[in-house]
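Colleague: Same order as they appear, the protein sequences are chains A and B. Start counting the first sequence at 562; every next residue gets the next number (the working numbering). Start counting the second sequence at 562; every next residue gets the next number (the working numbering). A single structure is presented below for examination.
Protein chains: 2
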Amino acid sequence: MTRTIRMGAGGEFDLIRRLLAEAPESLSSVLVGPGDDAAVLRDGWVVSTDLSIEDVHFRRSWLSDIEIGRRAAVAGLSDLAAMGAQPLALLLSLAAPRGDTVDVEAVVRGVQAAAAEHGIAVAGGDLSRSPGPLVLDVVALGCADWPVQRDGAEPGDHVWGTGTLGAAAAAVRLWERGEEPASELRAAYATPRARIAEACCLVEREVVDAMIDLSDGLAGDVGHLAAASGVTITLEEERIPVASAAKDALTAGEALSAALHGGEDYELCFVTDPDVVDVEEFESRFGVPVTRVGSVAEGEGVWLERADGSRERLERGGFDHWAPPT
Amino acid sequence: MTRTIRMGAGGEFDLIRRLLAEAPESLSSVLVGPGDDAAVLRDGWVVSTDLSIEDVHFRRSWLSDIEIGRRAAVAGLSDLAAMGAQPLALLLSLAAPRGDTVDVEAVVRGVQAAAAEHGIAVAGGDLSRSPGPLVLDVVALGCADWPVQRDGAEPGDHVWGTGTLGAAAAAVRLWERGEEPASELRAAYATPRARIAEACCLVEREVVDAMIDLSDGLAGDVGHLAAASGVTITLEEERIPVASAAKDALTAGEALSAALHGGEDYELCFVTDPDVVDVEEFESRFGVPVTRVGSVAEGEGVWLERADGSRERLERGGFDHWAPPT
Chain A
562 MTRTIRMGAG GEFDLIRRLL AEAPESLSSV LVGPGDDAAV LRDGWVVSTD LSIEDVHFRR
622 SWLSDIEIGR RAAVAGLSDL AAMGAQPLAL LLSLAAPRGD TVDVEAVVRG VQAAAAEHGI
682 AVAGGDLSRS PGPLVLDVVA LGCADWPVQR DGAEPGDHVW GTGTLGAAAA AVRLWERGEE
742 PASELRAAYA TPRARIAEAC CLVEREVVDA MIDLSDGLAG DVGHLAAASG VTITLEEERI
802 PVASAAKDAL TAGEALSAAL HGGEDYELCF VTDPDVVDVE EFESRFGVPV TRVGSVAEGE
862 GVWLERADGS RERLERGGFD HWAPPT
Chain B
562 MTRTIRMGAG GEFDLIRRLL AEAPESLSSV LVGPGDDAAV LRDGWVVSTD LSIEDVHFRR
622 SWLSDIEIGR RAAVAGLSDL AAMGAQPLAL LLSLAAPRGD TVDVEAVVRG VQAAAAEHGI
682 AVAGGDLSRS PGPLVLDVVA LGCADWPVQR DGAEPGDHVW GTGTLGAAAA AVRLWERGEE
742 PASELRAAYA TPRARIAEAC CLVEREVVDA MIDLSDGLAG DVGHLAAASG VTITLEEERI
802 PVASAAKDAL TAGEALSAAL HGGEDYELCF VTDPDVVDVE EFESRFGVPV TRVGSVAEGE
862 GVWLERADGS RERLERGGFD HWAPPT
């Protein structure tokens with residue numbers, strides 16, 4: 562039976578929900594349908610597609626052509642990480658603006674570089690000129706014996722995040738102000754990593770009840786976990802691992818907002834039983850921090866618990882997908 | 562070992578060749594890499610991606626939104642047919658122009674309709690607004706016990722085509738002249754069918770040495786077969802099944818050119834030993850004609866043998882991908 566996952570708030574998700582409400586439930590080849598980070602097909606195959614569109618997901622003035630390709634591929638690989646899947650291959654569809662302003666070879670080399678970092682290759686794709694902006698669609702194919710979905714969070718569980726958050730969004734905010742971000746901020750945006758090894762290790766240990774990657778921002782992505790699982794999640798302000806470089810470059814409120822709503826971090830957010838994650842062992846093994854950021858309870862929606870004990874409901878928003886004014 | 566397929570002439574193919582020349586040869590999960598209609602991965606999985614870009618592959622004034630979606634999906638499914646693969650699922654990435662001029666729901670419903678025609682579903686995808694034209698990228702996933710490639714044509718083989726050719730290109734030519742094509746021409750362009758059943762039947766009978774779908778035009782696509790197989794293919798002018806509606810609407814030379822170079826037919830071209838195809842049985846079973854269009858010999862390139870016995874070399878060209886002036 563196909564499982565269709567409930568999604569959190571957001572206009573894009575409303576549309577997907579509506580469009581796919583009547584997706585066939587009985588197709589044996591589709592085990593997990595629309596709404597999760599990736600589709601799960603028979604034989605444990607996991608497949609995602611991820612669009613990267615110039616002037617929506619990136620600006621060409623912010624990134625080199627090779628970084629554009631690599632970053633688009635990391636976004637696709639990150640979807641596999643969110644399912645606890647091992648990558649098998651990428652495919653790339655690329656619509657390149659007419660004229661010679663984009664170095665298509667460099668873009669493809671960036672995609673190939675991201676694939677090679679995970680021991681896989683670009684197995685095919687499509688290539689066309691376009692009268693519009695540069696568009697990449699990265700298809701990530703992987704496999705998972707036990708794909709992790711978004712709907713397994715249970716009251717009493719703990720919510721965790723890898724890495725630090727908000728640096729990529731801080732870079733975007735600075736570029737939008739006409740300022741050049743510090744190298745650490747720029748690197749967070751331009752050269753993210755997909756947390757494949759971390760995810761697969763967590764899944765092997767059978768400690769993960771639900772998982773998602775932080776592409777849209779912690780608040781929105783945790784909202785998807787909460788909606789899919791039918792629970793409420795409370796994030797604790799003091800526990801959120803706001804990147805220190807983001808704190809240095811922005812006000813405290815802006816830095817927190819970047820971590821909550823900024824997106825583009827490509828870190829993992831996962832949910833476990835209490836006290837099953839060995840924080841020190843994780844950090845020494847992967848060189849990446851892991852932080853408990855909140856907890857799961859009965860109810861719905863996402864809340865932020867402030868340092869003074871007050872609570873506020875988090876609505877999805879912010880600048881998860883940067884977009885110029887229409 | 563990964564097999565990388567040689568491609569025929571064309572700038573796009575030169576670029577793909579160059580980009581992917583260094584694709585890893587030793588990845589066990591990729592059995593057929595870039596250059597065929599689709600990639601073949603382990604477990605017999607077959608995957609293709611197919612871009613459909615407004616003002617490159619179609620004009621919105623030519624098609625309804627649902628036809629845009631269905632046609633893009635048929636193009637993807639046709640890649641599976643070319644490999645002799647059974648479809649398992651589609652994924653759809655859709656970049657929609659800002660504003661409300663495109664009915665995104667209708668486009669998605671068109672993709673879903675094409676999937677449903679083959680008993681499969683849209684299992685996922687991505688959706689984004691874009692400052693540019695409507696872009697669809699359809700990912701077609703299928704499986705094949707014996708995927709058919711382009712490189713199996715041998716001297717002495719016969720070359721076959723399904724259906725009739727040139728009607729879709731004739732519709733495009735008429736639209737470009739500001740004329741409205743007859744309904745049969747319009748239907749050929751707007752509502753093609755992927756020849757999945759035909760392809761799978763041919764493959765089950767083990768008669769096919771090489772196969773490709775006619776998306777770029779008979780001359781160009783046969784050129785890919787010839788290049789991949791290291792042979793020459795001669796097409797016989799009098800055998801080419803030029804669609805009668807194309808002959809009615811265009812001059813004889815234009816209609817032949819539409820069949821040879823027009824593309825967008827999504828018929829199959831396949832290569833067999835001599836005298837193994839039962840033409841009458843095929844036509845009565847599928848309601849689609851099948852025609853021997855030429856033969857294979859030692860050498861390279863594609864030739865057209867005229868009715869008077871003269872031969873001319875066919876260069877790839879024509880209006881395989883319709884594109885407005887830059």
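Idealized CB from N, CA, C, for every residue including glycine.
Given E873 (chain A), which residues of its chain have a CB within under 8 angstroms of its CB, disregarding the five upstream and five downstream residues?
Modeller: Counted from its first residue, the first sequence places residue 873 (chain A) at position 312. Same-chain partners within the cutoff: W864, L865, R867.
Colleague: When you compare only the Cα positions, how much space is there between A788 (chain B) and G860 (chain B)?
Modeller: Against the second sequence, residue 788 (chain B) aligns to sequence position 227. Against the second sequence, residue 860 (chain B) aligns to sequence position 299. Rounded to whole angstroms, A788 (chain B) to G860 (chain B) spans 10 angstroms at the Cα level.
Colleague: So, at 8 angstroms on beta carbons, what are the nonlocal neighbours of V803 (chain B) in its own chain, with the 5 sequence-adjacent residues on each side left out?
Modeller: Your numbering for residue 803 (chain B) matches position 242 in the second sequence. T725, L726, G727, A816, L817, A819, A820, listed in sequence order.
Colleague: Identify the continuous beta strand (DSSP E) that holds R867 (chain B) and give its terminal residues.
Modeller: Within the second sequence, numbered from 1, the residue matching residue 867 (chain B) stands at position 306. Looking at the DSSP string, R867 (chain B) is not in any beta strand (DSSP E), and its letter there is neither H nor E.
Colleague: Out of B:R734, B:A634, B:V857, B:A599, which one is the CA nearest neighbour of H719 (chain B)?
Modeller: As a working note, residue 719 (chain B) is residue 158 in the second sequence. The option with the nearest alpha carbon to H719 (chain B) is B:V857.
Colleague: What is the residue span of the beta strand (DSSP E) that I773 (chain B) lies within?
Modeller: Here residue 773 (chain B) corresponds to residue number 212 of the second sequence, with the count starting at 1. I773 (chain B) -> beta strand (DSSP E) spans 769 to 774.
Colleague: Using beta-carbon positions only, say whether I614 (chain B) and L688 (chain B) come within less than 9 angstroms of one another.
Modeller: The residue you call residue 614 (chain B) lines up with position 53 of the second sequence. The residue you call residue 688 (chain B) lines up with position 127 of the second sequence. For I614 (chain B) and L688 (chain B), no; Cβs fall outside 9 angstroms.
Colleague: Run the CB neighbour count on A677 (chain A), radius 10 Å, all protein chains shown included, and call it buried at 16 or more, exposed below.
Modeller: Taking the first residue of the first sequence as 1, we reach residue 677 (chain A) at position 116. Burial call: exposed.
Colleague: Roughly how many whole angstroms lie between the Cα atoms of E586 (chain A) and T752 (chain B)?
Modeller: Within the first sequence, residue 586 (chain A) is the residue found at index 25, counting from 1. Within the second sequence, residue 752 (chain B) is the residue found at index 191, counting from 1. At E586 (chain A) the pLDDT is 47, less than 50, meaning the model places this residue with poor confidence; the figure from the coordinates comes in the next sentence. Looking at the two C-alpha atoms, the distance is approximately 27 angstroms.
Colleague: Contact check, V683 (chain A) vs L652 (chain A) under 8 angstroms by CB: the rounded distance?
Modeller: As a first step, residue 683 (chain A) is located in the first sequence; it is residue number 122 there, counting from the start. As a first step, residue 652 (chain A) is located in the first sequence; it is residue number 91 there, counting from the start. Indeed, because the Cβ distance is near 7 angstroms, the residues count as touching under 8 angstroms.
Colleague: Compute the Euclidean distance between the alpha carbons of A650 (chain A) and A701 (chain A), then round it to the nearest angstrom.
Modeller: Counted from its first residue, the first sequence places residue 650 (chain A) at position 89. Counted from its first residue, the first sequence places residue 701 (chain A) at position 140. Computed Cα separation, rounded: 6 angstroms.
Colleague: Taking C-beta pairs closer than 7 angstroms, name the residues in chain A that D604 (chain B) reaches, listed in chain order.
Modeller: Counting from 1 along the second sequence, the entry for residue 604 (chain B) is found at position 43. Those within 7 angstroms of D604 (chain B) in chain A are D604.
Colleague: Below 8 angstroms, how does it come out for the segment 665 to 677 of chain B and the segment 706 to 717 of chain B: are there three or more Cβ pairs, yes or no?
Modeller: With the cut-off at 8 angstroms, the segment 665 to 677 of chain B and the segment 706 to 717 of chain B do not touch.
Colleague: Return helix, strand or coil for R603 (chain A), following the three-state DSSP convention.
Modeller: Mapped onto the first sequence, residue 603 (chain A) falls at position 42. Three-state DSSP puts R603 (chain A) in a helix.
Colleague: State buried or exposed for E741 (chain B), treating a residue as buried only when at least 16 other CB atoms are found within 10 Å of its CB.
Modeller: Against the second sequence, residue 741 (chain B) aligns to sequence position 180. Label assigned to E741 (chain B): exposed.
Colleague: Measure the alpha-carbon distance for G645 (chain B) versus G717 (chain B) and round it to whole angstroms.
Modeller: Taking the first residue of the second sequence as position 1, residue 645 (chain B) is located at position 84. Taking the first residue of the second sequence as position 1, residue 717 (chain B) is located at position 156. Approximately 22 angstroms between the Cα atoms of the pair.
Colleague: Where G737 (chain B) and Y750 (chain B) are concerned, what is the direct C-alpha to C-alpha distance, given to the nearest angstrom?
Modeller: Translated into positions along the second sequence, residue 737 (chain B) becomes position 176. Translated into positions along the second sequence, residue 750 (chain B) becomes position 189. Sequence inspection shows Glu at residue 737 (chain B); the Gly mentioned does not correspond to that position. Roughly 14 angstroms separates the two Cα atoms.
Colleague: How big is the Cα-Cα spacing for S622 (chain A) and H822 (chain A)?
Modeller: Here residue 622 (chain A) refers to the residue found at position 61 when the first sequence is read from its first residue. Here residue 822 (chain A) refers to the residue found at position 261 when the first sequence is read from its first residue. Distance between the alpha carbons of S622 (chain A) and H822 (chain A) is about 23 angstroms.
Colleague: Going by alpha carbons, who is nearest to R846 (chain A) out of A:R756, A:A807, A:L779, A:S871?
Modeller: Stepping through the first sequence from its first residue, residue 846 (chain A) is reached at position 285. Nearest C-alpha to R846 (chain A): A:R756.
Colleague: What whole-angstrom Cβ distance do E797 (chain B) and G855 (chain B) have, given they're in contact under 8 angstroms?
Modeller: Start at 1 with the first residue of the second sequence, and residue 797 (chain B) comes out as number 236. Start at 1 with the first residue of the second sequence, and residue 855 (chain B) comes out as number 294. About 6 angstroms separates the two Cβ atoms, so the contact holds.
Colleague: Can you round the beta-carbon distance between A714 (chain A) and S790 (chain A) to whole angstroms, since I take them to be within the 8 angstroms contact cut?
Modeller: Counted from its first residue, the first sequence places residue 714 (chain A) at position 153. Counted from its first residue, the first sequence places residue 790 (chain A) at position 229. About 4 angstroms; that satisfies the 8 angstroms criterion.
Colleague: Report the residue from A:G784, A:A600, A:V617 whose alpha carbon sits nearest the alpha carbon of A657 (chain B).
Modeller: For this step, residue 657 (chain B) is matched to residue 96 along the second sequence. Looking at the Cα atoms, A:V617 is the closest of the given residues.
Colleague: For S871 (chain B), decide whether its Cβ has a neighbour in chain A, counting only Cβ atoms nearer than 9 angstroms.
Modeller: Locating residue 871 (chain B) in the second sequence gives position 310, where the first residue counts as 1. No, S871 (chain B) does not count as interfacial toward chain A.
Colleague: Per DSSP, which residues does W721 (chain A) bridge with? Please list them.
Modeller: Position 160 of the first sequence, counted from the first residue, corresponds to residue 721 (chain A). Looking at the DSSP assignment, W721 (chain A) forms a beta bridge with A:F831, A:R853.
Colleague: If contact means a Cβ-Cβ distance below 8 angstroms, which residues of the segment 632 to 650 of chain A contact chain B?
Modeller: Answer in chain order: L649, A650.
Colleague: Which residues does DSSP list as the beta-bridge partners of L652 (chain A)?
Modeller: The residue given as residue 652 (chain A) occupies position 91 in the first sequence. DSSP lists A:G685, A:V700 as partners of L652 (chain A).
Colleague: What first and last residue would you give for the beta strand (DSSP E) that runs through V617 (chain A)?
Modeller: Here residue 617 (chain A) refers to the residue found at position 56 when the first sequence is read from its first residue. First-last for V617 (chain A): undefined, no H or E at that position.
Colleague: In the structure shown, what three-state DSSP assignment does Q710 (chain A) receive?
Modeller: Within the first sequence, residue 710 (chain A) is the residue found at index 149, counting from 1. Residue state, collapsed to three classes: coil.
Colleague: Would you tell me roughly how many angstroms separate the C-alpha atoms of G870 (chain B) and E799 (chain B), rounded to the nearest one?
Modeller: Along the second sequence, one-based indexing puts residue 870 (chain B) at 309. Along the second sequence, one-based indexing puts residue 799 (chain B) at 238. When rounded, the distance between both Cα atoms is 11 angstroms.
Colleague: Nearer than 8 angstroms: is that true of the beta carbon of A731 (chain A) relative to any heavy atom of the ligand ADP?
Modeller: What this structure holds is no ligand at all, so the ligand ADP is not there to describe.
Colleague: In whole angstroms, what is the alpha-carbon distance linking L624 (chain A) and Y827 (chain A)?
Modeller: Stepping through the first sequence from its first residue, residue 624 (chain A) is reached at position 63. Stepping through the first sequence from its first residue, residue 827 (chain A) is reached at position 266. Each residue's Cα considered, the two are about 17 angstroms apart.
Colleague: Within the 9 angstroms Cβ cut-off, does L702 (chain B) reach chain A?
Modeller: In the second sequence, the residue the question calls residue 702 (chain B) occupies position 141. Judged by the 9 angstroms Cβ criterion, L702 (chain B) is in contact with chain A.
Colleague: Cβ closer than 7 angstroms: which chain B residues qualify as neighbours of A816 (chain A)?
Modeller: Looking up residue 816 (chain A) in the first sequence gives position 255. Residues of chain B passing the Cβ test: none, with the nearest at roughly 27 angstroms.
Colleague: Would you mind working out which of B:D782, B:G703, B:R690, B:D626 sits nearest T610 (chain B), comparing C-alpha positions?
Modeller: As a first step, residue 610 (chain B) must be located in the second sequence, where it is residue number 49. Closest by alpha carbon: B:G703.
Colleague: Taking Cβ positions only, does V720 (chain B) come closer than 9 angstroms to chain A?
Modeller: Translated into the one-based positions of the second sequence, residue 720 (chain B) becomes position 159. Judged by the 9 angstroms Cβ criterion, V720 (chain B) is not in contact with chain A.
Colleague: Do A643 (chain A) and I801 (chain A) come within 9 angstroms of each other at the CB atom, strictly closer than that value?
Modeller: Sequence index remark: in the first sequence, residue 801 (chain A) carries index 240 (1-based). Sequence index remark: in the first sequence, residue 643 (chain A) carries index 82 (1-based). For I801 (chain A) and A643 (chain A), no; Cβs fall outside 9 angstroms.
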